[in-house]
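Undergrad:
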Amino acid sequence: MKVNRLISIVLVLLDKERIAAGQLAEMFEVSLRTIYRDIETINLAGVPIRSIPGVGGGYEIMPEYRVNNRYFSSEDYSSILVGLSGLSAVINDKEIQNAYIKIRSMLPIDSMKEIELKADQIHIDLSRWIGFDYLMPYLEAIRTALRNSNV
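With the first letter of the sequence shown counted as 1, position 103 gets the number 1260 in this note's numbering; the numbers rise by one all the way through.
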């Protein structure tokens, strides 16, 4: 969905200093032309994105721009990061990886180190599940059912 991709692009740009259009196209599995249109749409929406030409160039958000991230406490962010990192060890899914990147990009700069420290203190090891490959289709079926609100 285009809106999800646009929001994801903004969050990726907030997380990284600069990223090439080709990397964005690969990340979101779309064409370069689509990325160029998305960047223009994001600019029109008021998010200040600039392009840097040449080697090491790419797109970046102006350093002064930040998303309002006061909705979550540092404990909330830590809990979300712990959960997503544990889940991504079991289910290799781009949605989970993108959610992790989005949450990390929203971390308040002044408490980023504290949040990362708390998130790194707990590690949910679900590797035992990985040995049971036959369970993966069931886990995916449960996940799909939950996503679609099926019983």
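We put the CB at the ideal spot given by N, CA and C, even for glycine.
Give the C-beta separation of P1217 and L1170 to the nearest angstrom, bearing in mind that I take them to be a contact with Cβ-Cβ under 8 Å.
TA: Going by the sequence as given, residue 1217 is Glu instead of Pro. About 6 Å separates the two Cβ atoms, so the contact holds.
Undergrad: Just to confirm, are I1260 and L1241 a CB contact at a threshold of 8 Å?
TA: yes
Undergrad: What is the DSSP secondary structure of R1300, reduced to helix, strand or coil?
TA: helix
Undergrad: Ordered along the chain, which non-local residues of its own chain (more than five positions away) have a Cβ less than 7 Å from that of S1268?
TA: Only S1231 meet the Cβ criterion.
Undergrad: Give me the Cα-Cα distance between I1237 and S1165, rounded to the nearest whole angstrom.
TA: Distance between the alpha carbons of I1237 and S1165: 17 Å.
Undergrad: Run through the DSSP bridge pairs and tell me what I1176 is partnered with.
TA: Looking at the DSSP output, I1176 shares a beta bridge with Y1216.
Undergrad: Under the three-state reduction of DSSP, which class applies to S1208: helix, strand or coil?
TA: strand
Undergrad: Beta-carbon separation of L1168 and S1235 under 8 Å?
TA: no
Undergrad: Measuring CA to CA, which of P1210, L1274 and K1159 is closest to I1192?
TA: K1159
Undergrad: Inspect the beta-carbon positions of A1182 and G1215 and report whether they are closer than 8 Å.
TA: Contact: no.
Undergrad: Below 8 Å on the Cβ atoms is my contact criterion, and I expect Y1244 with I1253 to pass it. Report the Cβ-Cβ distance as a whole number of Å.
TA: One point to set straight first is that residue 1244 is Leu, not Tyr, in the sequence displayed. Right, the Cβ-Cβ distance comes to about 6 Å (below 8 Å), so this counts as a contact.
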